[in-house]
Structures are given as C-alpha cells and as structure tokens.
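Reviewing the structure listed below.
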Amino acid sequence: MLNAMYNNTPINIALVDDHPMILEGLKSLLQQHGRFQIFSFTKGVAILDFIQENTIDVILLDIVLSDANGLDLCKSIKQKSPSSIVIGISNQAERSIIFRFLENGGNGYILKNADAQEIVQCIDKALLGELALSREVQEIISRPSTSTFELPRLTKREQQILQAIAHGQTSAKIAESLFISVITVETHRRNLMQKFKAKNMIELVKIATENKLL
Amino acid sequence: MDDSVFFILIFAIQMQSMTKNIFLLIVFLLLAFSPKAQQWIPLDEEKYLQQITQQIHSGKTDTVRLRHYLLLSEYWAQSDSLKSREALQQVIQSPAKHTLPEGMLAYYQGLYHAYAGQKAKAKEFYRHAIEAMGNDPQHADLLIRAWYDYAYLQIDEKGYDVLVKTLTDQCIPASKKSHNSTLLAYCYTQLGITFMSVGQFDKAEEYHQKALVELEKIPVQTVHLLTYFNLISNYCYKPDSQSAKIYLDKALAIIQPYPDSRQYPNYYYQEAMYYTTKQEYDQALLSLESGVKMAQEKKQVRLLHLLYFRKYNVYLMQQDYQKAKSQLEHILQEKVLGSETVNRRITYTQLANVNELLGDYKQAYHWMKMSSNLGDSIQQEKLLEKMNEYEIAYQTTEKQQKIDRLEQEKKEDELLAKNKNLRITILAIALGLSVVIAFLIYINYRKQQKLNRQINISHQQDLLHIENQRKYEATRAVLQGEEQERQRIAQDLHDSMGGMLANIRMSISSGDSQNSTDILRKIDKSIAEMRRVSRNLMPETLKNLGLETALRELCESMGQNKFSIQFESFNLSEYIPFQTQLMLYRITQEAISNVTRYAQAANVIVQISQNENLLSLTIEDDGIGFDPSTITYGLGLRNIENRVRLIGGTVDIVSARGQGTTINVECHV
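Chains C and B supply the protein sequences, listed in that same order. Take the first sequence: its position 61, counting from 1, is numbered 907 in my numbering, and each next residue is one higher. Take the second sequence: its position 252, counting from 1, is numbered 277 in my numbering, and each next residue is one higher.
Written as structure tokens, this is what we have:
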C-alpha cells in the first residue's frame, strides 16, 4: 500500500453504504483527490463477492446496512482479505459500537458528520498503518465511563437479603419472610458475591460489614 | 274275655280224626246282646257304690246328683234291672234333668234297655244320644261308648262289619283325637275280639297288643283286666298256652284283691279255658264250677251260660258225649242264650255233632236241620269278606293318613324349598339391583368426571381467554403506546430537525457564504438530533451487541448530571429472544424516563441478572417515591406492566412516599 501511494498508482477504495446519496457524496469528495480508484456497493454480500476476485486497499464500511451489519461484515472481510484496510463510516456514535468494530478488526472509525478533509486524512492515516479515528470518535472513546463506581451500591432487596444472610438465615427462610421464591434468593446471593467479588458468603458479609453496608 | 260276647270255643273233634286224638281248634261264636257298661265299673265295686250313693245324697248340685243316679242305673243294669230302672226314674222325674248334658240321659236309658233285652228301644235311645252328642266334643267319651253300644246292638241284623266299621271309622279316630288312652285301649281290644270271633287270631293279637301299648300309659283298672282276659282267650284259641298263662297270672294279680268283683266269674272262665287248652280237664271243670257258682250269685245270666258252654266243651274234650249232650240241652232249657238266633244255631249245630258222635244220627239230623234253618253259612263267608274289607279300608285310611302326612311333609319341604328359592331369588334380585346401582353410580361418576373435565377445560379456556384478553389489551396498549410514540417522534422531528433543516436552507439560499461554519454547526446539531431520535426508535446497539451493552449504553447516555445510574449485569446469557431483550430495554428506558421526569432521585440502580432461565431486572431509585394506593398508573407504569405481560413475565412495583421506587421484573427465557 505504501508502494502504491508513493508510486502514484491509484488506490482501490470500496465504498459500502445502503444510502445512494451518501455514496455519491463520498465518491465526489474522494474523486477530487484523483489518486483513488473508487468502487461503490450498497449490499454487504456484493463487497464480500468482490474481494474474492479483486484487491481492495481500503474499504469504507457503513455500520447500518440493509442486508447486514457492519460489525459482522468487518470481521468477514478481515478474514477473507486481511490486508484490506476496513474503516467504519457511520452515524452510530455509541462507544460500544465503535469498540466492537475495532475489536472485529476495523482499522478506523469515522462519523458521517466528519469534514471531507478529515475523512481523507483518516484514510491516509490508515494507509500508514495507524488507527484512523475521526475527531469526534476520539472524543467519544476518551470520555470516562460512568459505570466505574468504586463500591457498588445495593438495592433494597439486596440489603434485606444481605442482612438476613449476616444473621445466618437460610435461603428458604429468607424466601419465606420476603415472600419471594428460593431461586430468586439464590440469584440475589450469587449476584451479591459477584457484585463484591467475594468468594463466599463469609467474605461477602465481611466486605459488607467493612464498608458499613450492614 | 268279655262276658257280653259269648264265644263258644269248641274243640270239636273231627269225626275221622277223633280216634287218633287229634284236636282241631274250631271257634264258634255265640253272641248275646249285652251292653258294655260293666267294663266302666271299677274293680272295687263296693267303694264305687258307696261313692255314688254318697254323691246322690249329698251332691252339691242337682246335676251332680242326677249324674250319679245315672251311674247308679248303670251299676245295677246288669244284675238288678229294678234298681237300675228306679235310678233312671229318679232322673226322668227330676225337674232338673235339663241341666244334664244333652244325650246323657238318653245314653243311660239306652244302656238300661239294652240290658233289659229291649233291643229296639235301646237302639232308639242310643241313636237319640248319638244325635244329641254328635256335635259336642266335650262328651267324646260318652259318644264313643254310644257309638260302640249302638253298633253292637246292630250286629244281629247287619253283621260284624257294622262293629268293625264303627270301631275303625268312628271310635278309634275319636279316641285318638281326644287322647283318651282308656277308651282307645278298649276300642283296640274290642276290635281284636271281633277278629277273634271270626277266627283271625293273629290280627286279633295285633289289636290286643295295640291296646296293651295304650294301657301302659294309664293306671291299672278294669280295662286292663278285660284286655288280659281277651288275650287269654285269643292265646287259648291259637293255641298258645304259655302266653295265655302270662296274662292269666297278670289278670289274677289284678282281680285277687277284689273277691266280690263281678269280673271274677269271667276270670274263672278264662282259667277254665287255659286248663282246657292244657288238657287238664279236671282243673278246668273245677274252675268252671267256681265260675258258675259266682255267676249265679251275681245273677250274671249270660256269663253263666257261657260257663255252661265251656263245661260242654270240656265234656266233649273228655269224650264224655252224654254229659256234653245234657249240658247243651240244659242251655237250651234255660233259654237265655238260646233266644239269640246265632247262639241258638251254634247250640243246634253242637247238638247235631254230639248226637252224631253218640251215633244217634236221627237226632243229629234233627239238630242239623234246625241249625240250617237258622243260618246261612254263605252269609258267614260274606261276613268274613266284609269284615276284612272294612279292616283293609281302615288300614288304607291309616295309610292314606300316612300318605297325607308324608305329602304334608313333602309340601312343607316344597314350601321350604320354595322359600329357599324365594330367598335365593330375592338375593339374586338384590345382587342384580346392587350391580345396576353400582353401574349407575359408575356411569354417574364417569359423567361427573367428564363434566369435571369439561368444567376444567372450560375453566382453562376461560383462563386462556382471560390471558388472551390481557395479551390483547397489552398489545392494544403497546400499539396505542407506539402510536403515541410515533406522534411524539413526529412532533420531535418537526420541532427539532424540521426547524433546523428549514433554518439551514434559509441560510444557504440567502447566499451568505461567510456563515458556512454556522451552517455546518447547525447541520451537526441536526445530525445529533437525528441520532437521538433514531436511537429512541431502535437502538442499533441492542440489535448488534445485545441487551447488556445496549442497557449499559442506555444507562450511560441517560445518566445526567442530576443523577447517576449504576448498571449491574450478572450472568446474562447471549441467547435471550430479541423480543424479550427489546421489551426489557423498553421497560428500562421507560423506568429511567420516569425517574428523570418525576423521581428527583440522586442515585439509580439498574441491575439485570439471570439464573438458569429466570431473568430479573431491577430499576431502583432513591427519589421521592409515591403512594401506590393514591397514584394511578399514568406514569408509564402501565406501559411497563403491559410490556411485561407481553413477554409473560411479572412486575413488582414497590414505592412509598420518600422511600424511592423499586421496579422488579421477572421473566422466564
């Protein structure tokens, strides 16, 4: 790919989007640079067939397609043609989607509201073997996760059950006094142990006591 | 032997065998008409007479006195007809004679006339007595006696068959019926003597034995003596002197205490019979002399002549034909016995015999002719035949009775069998009925079961129907919710994007190129708005990355500055139906939306966990809460409930003022 870039040989780019207007927009945007040979597809199946026979340098892949989803498609493409660069281009701004795309072998992720310049920069970045993320994506990824609580909080039911456990009551007894099923109590016990990463009930009660949850 | 029936037993020596000393027993019967009163008079006559006399003088009632006059008449009937008649007259003249039972007087009148030899009158009275007493079972004894006496009087004209007939048809059955052993024994022995009279000694013995059986039941009295006498006669004729001796001794034992008894001459007669049979002729003559003497004293004329005959018999046996002949002639002269046709004929025949033996054939022929004039030997045969017929008839009657009894028993058995059959039938019917009832109960049970099943099915159908109804309502609610949502989205798009796009268009059309950054900013805003709306409509994350990721993202995106959302997920399976995932997502969305709008909470916990196939979702806040009893479900809670119902789960909403709200959802996957 580097050779191709320096040798001024055209770079084969495949555009995969089920929206013709987006396809046209992207095509006209990229054609302005002249060094790209552009193939556009509206179906996921079509690009998979195409890469069987042809060598594509960069694939710009939408996440939402009519016949497939980009996350899975990314994985398939990477399996069939590991040398191809796959960059997600989507309106999906969810962090989990972005992460999953990258996990599935994606080389980059661009939100569709990115500038034309930014898109080309990302393609170049990817061609250089770097992770190609648009500015907004970078922002999303770097945003701290809200779920990183130091100590998990307990629901009321969990508090009742934990208290009963601390008093040495059996699941059956707890179930009886709280008017719930034994299996529910068992579920709560297991959840509590997972919540506090305790290995057994004694440790669970100990942690809860230390943290003044009881 | 009865003094009233004169049997002349003659050991006639057959002409041809006379020299060989072979004796052939021939029985001639010499019948006199003499009523039967004497056997009813007790052996101790003196004492009996005293009792009667005493009762006549001091009897409590007229009836008693009159009755004893009658007994007195009976007592004297044989020996003193004047006294007998006097006693009868006392009764006849008494004004109280109507107090006597009907027929009683007539009977005793008959008795008197019979002894007096007035046969016709006697029969008339007897007939009257029988008619009068015929219907009164109280006087069965007297009636039986009257029958017998009446029949006895008829022998002369009608033959022995009358007597046999009366005894077998009337006297014996009546005696049996009234359980009078004395009378029954008397009747049996009289029947026996009748058979003896015609030479049927075995049959005679049979009846005497019957009499003996009856006699064992009662204390010793005159009838015993009479039966023994009869037995002695019978055994002598047979001849069986050993048996005769037994009864002779018995008779002596009875009569010895009463030397004055009128039965004593009779005893001597029997004794003489016995000696004759033993061929001890001197002894026999001695006995006969004693008997003759006593009979003369007691005026027992007929017995006296009987004794004479016996004497004749002994002379004949001794082959002293002259003495025998004079004895017979003496009997004829006395006329008492000779006045009776039958007896006279016997006497004539014997005279013929004895003259023949003496060689006086002229005399013998004379007497023979006299005899044949009197009798008809064929009648004799007829008589035998007739008697046997009656006897057979009696036996047949007895047999008939036996047959009747057996038939009765058979009938009873049949009845028993019938009863048994009836019982079995009833049992069978009962059994059948029980089976039918059991069957009916079974059918009823089956019907009931069927009905129960149908009720059950219908109940289940009802439940299903209710369930469907609920689902339908839930679906309707969801559809309604969707419609509302669409309206909201339409509103949203119109308000936000519509306005923004219109604004962008205006900016561009005005050719204000310097504002391009401003336009781009506006477009970016539009895109962000579009994303929000799009995600609300269908979160792409849920579709692609599953419930856990989608919920986590939802919690992150909805966690605002006002409150923080803690998301916990435990053991979520990857294989949860998308519909369930979507519903749980929507529920969470709705719940958090509620928290945002109403709860004023600081902290929210969203927790989802799975244990085997049980999914539980909890959304809990520490907000202001609400009072479930007052707040109606307008807070999207109804939407939550409907969605839960659609995935067949349960929802539990716990809230109280100031206590926050907890929504627990459980469903099976």
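Backbone N, C-alpha and C define an ideal beta-carbon position, used for all residues, glycine too.
For Tyr419(B), the secondary structure class from DSSP, reduced to helix, strand or coil, is helix. Taking 7 Å as the threshold, the shortest C-beta distance from Thr1016(C) to chain B does not fall below it. Bounds of the beta strand (DSSP E) holding Phe592(B) are 589–595.
When the five nearest sequence neighbours on each side are left out, the beta carbons in the same chain lying within less than 7 Å of the beta carbon of Tyr289(B) are those of Ile280, Met319, in order along the chain. Shown in chain order are the members of the stretch 946–977 of chain C whose Cβ falls below 9 Å from a Cβ of chain B: Arg946, Leu957, Lys958, Asn959, Asp961.
As computed with DSSP, Ile931(C) is found in a beta bridge with Val904(C). In this structure, Ala1054(C) places its C-beta atom within 7 Å of the C-beta atom of Leu1008(C).
Per DSSP, the unbroken beta strand (DSSP E) holding Ser641(B) starts and ends at 639–646. Scanning Ala616(B), Asn596(B), Asn667(B), Thr643(B) for the CA closest to the CA of Gln635(B) turns up Asn596(B). One finds Asn937, Ala939 in chain C with Cβ atoms closer than 7 Å to the Cβ of Arg556(B), taken in chain order. Contact between Thr252(B) and Leu237(B) is confirmed by a C-beta separation of about 7 Å, below the 8 Å threshold. Considering only Lys587(B), Glu578(B), Tyr623(B), the residue with the shortest C-alpha distance to Tyr610(B) is Glu578(B). Residues of the stretch 616–633 of chain B with a C-beta less than 8 Å from any C-beta of chain C: Asn628, Ile630, Gln632, listed in chain order. Around the beta carbon of Met867(C), fewer than 16 other beta carbons sit within 10 angstroms, so the residue counts as exposed. Here Phe150(B) is near Gln134(B), since their CB atoms are less than 7 Å apart. Here Leu567(B) has Ala575, Gln606, Leu607, Tyr610 as same chain residues with Cβ atoms under 7 Å from its own Cβ, once five neighbours each way along the sequence are excluded. Glu573(B) carries a helical assignment under DSSP once its states are collapsed to helix, strand and coil. In the three-state reduction of the DSSP assignment, Asp913(C) falls in the coil class, being assigned neither a helical nor a strand state. For His82(B), the enclosing alpha helix (DSSP H) starts and ends at 70–83.
For Thr301(B) and Gln80(B), the gap between their C-alpha atoms comes out near 45 Å. Of all C-beta pairs linking the stretch 889–901 of chain C to the stretch 958–974 of chain C, fewer than three are shorter than 8 Å, placing the two stretches out of contact.
For the set Thr500(B), Lys547(B), Ala278(B), Ala455(B), the Cα lying nearest the Cα of Gly523(B) is the one of Lys547(B). Membership of Ala320(B) in the alpha helix (DSSP H) is indicated by the continuous run 306–322. Contiguous alpha helix (DSSP H) elements confined to the stretch 134–194 of chain B occur at 144–158, 165–183, 185–191, taking only those with 4 or more residues. From the beta-carbon of Asn915(C), the residues of chain B found nearer than 9 Å are Glu565, Lys568, Asn569. Gly954(C): not part of any alpha helix (DSSP H); member of the beta strand (DSSP E) spanning 954–957, first to last residue. In the DSSP assignment, His693(B) falls within the unbroken beta strand (DSSP E) covering 686–693. The beta-carbon separation of Glu666(B) and Ile909(C), rounded to 34 Å, does not stay under the 8 Å limit for a contact. With a cutoff of 7 Å on beta-carbon distance, Ile944(C) and Ser980(C) are scored as not near each other. Residues of chain C with a Cβ closer than 8 Å to the Cβ of Ile552(B) are, in chain order, Asn937, Lys958, Asn959. Under the criterion of beta carbons closer than 8 Å, Leu188(B) and Thr219(B) qualify as touching, at roughly 5 Å. At a cut-off of 7 Å between beta carbons, Lys1043(C) makes no contact with chain B. Residue pairing by DSSP puts Val679(B) in a beta bridge opposite Thr687(B). Leu948(C) and Asn528(B) have their C-alpha atoms some 37 Å from each other.
Inside the stretch 498–542 of chain B, DSSP marks whole alpha helix (DSSP H) runs of 4 or more residues at positions 524–534, from first to last along the chain.
Neighbours of Asn561(B) across chain C, judged by C-beta separation under 7 Å, do not exist; the nearest C-beta is about 13 Å away.
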